[in-house]
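Just so it is clear: in the sequence shown, position 114 is 114 by full-length UniProt numbering, and no numbers are missing.
Backbone N, C-alpha and C fix where the C-beta goes; we use that ideal spot for every residue, glycine too.
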Amino acid sequence: PRDRKAVLADLKLVYTADNEEGAAAALEAFRTKYRKNYPKVVEKFADTRSLFSFYKYPKEIRASIYTTNLIENMNKQLKRNTKRKEQFPNEESLDRCAFCHYSDFNGRFAHRTHRGFDQCRFGIELLFDEKYPAAKPLRVGQGA
1 PRDRKAVLAD LKLVYTADNE EGAAAALEAF RTKYRKNYPK VVEKFADTRS LFSFYKYPKE
61 IRASIYTTNL IENMNKQLKR NTKRKEQFPN EESLDRCAFC HYSDFNGRFA HRTHRGFDQC
121 RFGIELLFDE KYPAAKPLRV GQGA
């Protein structure tokens with residue numbers, strides 16, 4: 001659309017709101033404003049049950065949750081790795097290749113902390129303990 005920047009700016013108000021109520025209000029304003037000109041776009045936001053689930057987590061990590069940059073990067077690297085190999089003899093060999101890629105990726109980044117997670121580690125652990133009381137998560141630096 002011609003007013004793409006304005007549409008994106010209004011949508012950004014939804015996912016950068018301070019809380020879920022503010023996000024819901026911003027989304028409703030967005031839907032009202034663009035319902036006539038972009039009905040298909042507005043229709044995509046009709047079911048909001050899981051849209052605001054990232055607001056349950058600390059503010060420091062919300063950007064990591066609502067974006068897909070990490071996943072896109074990981075999948076882009078997998079695509080690059082599989083293109084090097086001209087063909088796979090069967091589906092199982094492709095599965096092994098993908099497993100090795102993701103295993104290697106996890107190994108390389110196992111000791112890195114993503115932006116914001118260090119600041120709210122304690123809060124995340126409390127959320128995890130509430131949701132999974134029987135589980136004893138391994139903390140960074142602990143062995144199995």
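Q: Given a cut-off of 7 Å, decide if V14 and A6 are closer than it, judged by their beta-carbon atoms.
A: no
Q | Given A98 as reference, the closest of A9, K79 and V42 once Cα atoms are compared | A | K79
Q. Could you check where the alpha helix (DSSP H) with C120 kicks off and where it finishes?
A. From DSSP, C120 is part of no alpha helix (DSSP H); its letter is neither H nor E.
Q: Note down, in chain order, each residue of its chain lying with its Cβ closer than 6 Å to the Cβ of K59, except the 5 sequence neighbours on either side.
A: none
Q: For G143, I'd like the list of residues in its chain whose CB is within less than 6 Å of its CB, leaving aside the five on either flank, ordered along the chain.
A: Model confidence at G143 stands at a pLDDT of 49, short of 50, so the residue's coordinates are unreliable; what they give is reported in the following sentence. Taken in chain order, the list of residues that qualify is empty.
Q. What's the C-alpha gap between D95 and N106?
A. 16 Å
Q: Check P2 in the structure and name its three-state DSSP category.
A: First, the amino acid is wrong: residue 2 is Arg here, not Pro. In the structure shown, R2 sits in coil (DSSP, three-state: anything other than H, G, I, E or B).
Q: Buried or exposed for I71, please, with buried defined as at least 16 other CB atoms from any protein chain shown within 10 angstroms of its CB.
A: exposed
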